[in-house]
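The structure appears below as structure tokens.
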Ligand code: NAD
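In this note's numbering, the protein residues as written are 2 to 463.
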């Protein structure tokens, strides 16, 4: 057990204002592995002041120099990749391979992409008789969740720094250790004092103080809809800019001509990866009624294969929440084709990979974000029916379409109310804009679109 001190503020680790601590638990064995300080309103205030003080200097730093610092940051992350992966495995419970490739690998790619974008982005343009400047929005308050703990921090921090903004991050209370490691990396990369600040703490205390602080110009939040609504209300009340990423209930639409086995296997892997704790997971599989029984059988077999390879959920609360949804699915008449509410291990917050068949669109498990290894298989009669079901939730974050050919899949995907669609198994692209239609959120992350979120325009007329 390691008791960590301090918050990374203004380029140094400073003692927290209050005595409170947060325990960090390894969800695989339920042991307390560390404590971090529980930041207060006072810590947030000091951090925001540091970010404000650093803003003019960083905003005026030439983009090429900001790019060089981001490239240095990427190099430090590469050098510390094993440590990052081990830390995420310890506090989130993800299997070591996933921690290496995704939890450490994706943030490296994203930081690298912003090092490049900072160097090449047109921060100034001409239109008619005007010059348009793209200037940093100011001080960013970033509130992040635990599901991809480093990625969520990097997806906000890297574009903010590339834009010339300064940042205060309040990471999730379940996963503060990789956030501390990131602050060390920022320091090693030579990013000037005050440009990046980290305050660990509880959401309703430190998170809320950050959202409400008058010195914050933009609040970028990823997490639950309930908290997102609250943050949106605070931000609009104070006329601050806000970005919200609030999860999803994405559809994996398998059209009749598709390679059924591949579509089902990739779909199951997509849901079970990270123990289902992925906002963009395709948790509803939509299959034509002629192929329905075969698809359910394939999905159940694929889920069973995951059995021991799946990590635990992040916390006891999350496990209980997911089990509650499984019980609700059964109570509302869905049929368990694989898994169920029982834990496959004696210790740790595990839930078995679960597949529900005979799910109808109105059921709770077909409408609400479960955030666990639970797949619902729904049947449709024709393409219009499939589209109605696919679009029939309050969310619209991601999705997939499988068809005999790309043209047919694209034609369907154009009609989907969602921010991202993978066509016939298309791969993750760290440059493509990521974000939601409808209640999945406001704003976009990643790539040039993610950078634009942290910029505001000023035009000169000549
Ligand atoms: P949450 O929304 O409570 O927490 C996310 C972040 O917000 C954390 O840093 C938390 O400390 C902070 N926070 C909490 N209350 C706050 C407040 N009043 N003001 C400011 N910040 C506050 O999410 P959770 O409880 O960790 O997870 C609950 C559910 O949210 C999950 O089951 C899942 O459905 C969803 N979720 C979605 C995502 C996503 O990527 N969209 C990520 C995590 C969780």
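Glycine residues also receive a C-beta, built at the ideal position from the N, C-alpha and C atoms.
The criterion of a C-beta distance shorter than 7 Å is not satisfied by residue 48 and residue 179. Shown here, residue 400 sits in a strand according to DSSP, grouped into three states. Residue range 8-10 is occupied by the beta strand (DSSP E) that includes residue 9.
Taken in chain order, the whole beta strand (DSSP E) runs of length 3 or more contained in the stretch 72-154 are 125-128, 131-137, 140-144.
Residues of the same chain with a CB within less than 8 Å of the CB of residue 89, apart from the 5 flanking positions on each side, are 95, 100, 104, 105, 150, 151, 176, 179 in chain order.
With a 10 Å radius around the Cβ and a threshold of 16 neighbouring Cβ atoms, residue 57 comes out exposed. Look at residue 413 here: in three-state DSSP terms it is helix. In terms of Cα proximity to residue 282, the closest of 249, 294, 296, 259 is 249. Taking the Cα positions, residue 33 is about 22 Å away from residue 373.
For residue 450, the uninterrupted alpha helix (DSSP H) segment begins and ends at 448-453.
Counting C-beta pairs closer than 8 Å gives fewer than three between the stretch 331-347 and the stretch 237-255, which falls short of the contact rule. In the three-state reduction of the DSSP assignment, residue 362 falls in the coil class, being assigned neither a helical nor a strand state.
Listed in chain order, the non-local C-beta contacts of residue 123 below 8 Å within the same chain comprise 135, local neighbours out to five positions each way being set aside.
The C-beta distance from residue 156 to residue 196 rounds to 17 Å, too long to fall under 8 Å, and the pair is not in contact.
Going by DSSP, residue 189 is part of the alpha helix (DSSP H) stretching over 178-189. For the stretch 295-360, the full-length beta strand (DSSP E) segments reaching 3 residues or more read 336-339, 355-360 along the chain. Judged by DSSP in its simplified three-state form, residue 156 adopts helix. Counting of Cβ neighbours within 10 angstroms places residue 290 among the exposed residues, the total staying below 16.
Under the three-state reduction of DSSP output, residue 223 falls in the strand class.
With contacts defined by Cβ atoms closer than 7 Å, residue 356 and residue 367 do not form a contacting pair.
Residue 26: member of the beta strand (DSSP E) spanning 22-27, first to last residue. Set against 6 Å, the gap from the CB of residue 280 to the closest heavy atom of the ligand NAD is smaller. With a cutoff of 7 Å on beta-carbon distance, residue 455 and residue 160 are scored as near each other. Burial is judged here by how many other beta carbons sit within 10 angstroms of a residue's own beta carbon; residue 258 has fewer than 16 and is exposed. Its chain contains 278 as the residues whose beta carbon lies nearer than 6 Å to that of residue 148, once the 5 sequence neighbours on both sides are disregarded; these appear in chain order. Residue state for residue 192 is assigned as coil, using DSSP reduced to three classes. In the three-state reduction of the DSSP assignment, residue 14 falls in the strand class, which pools E and B. Between residue 46 and the set 107, 265, 171, 21, the nearest pair of CA atoms involves 171. For the set 418, 280, 273, 325, the Cα lying nearest the Cα of residue 300 is the one of 273. One thing to note: residue 264 has its Cβ within 7 Å of the Cβ of residue 403. Distances taken from the Cβ of residue 155 to the heavy atoms of the ligand NAD include none shorter than 6 Å. Residue 360 has its alpha-carbon roughly 9 Å from the corresponding atom of residue 285. Of the candidates 86, 375, 108, 10, 86 places its Cα closest to the Cα of residue 98. For residue 433 and residue 399, the gap between their C-alpha atoms comes out near 12 Å. Of the candidates 154, 55, 128, 118, the residue whose Cα lies closest to the Cα of residue 458 is 128.
Straight-line measurement puts the Cα of residue 36 at about 22 Å from the Cα of residue 11.
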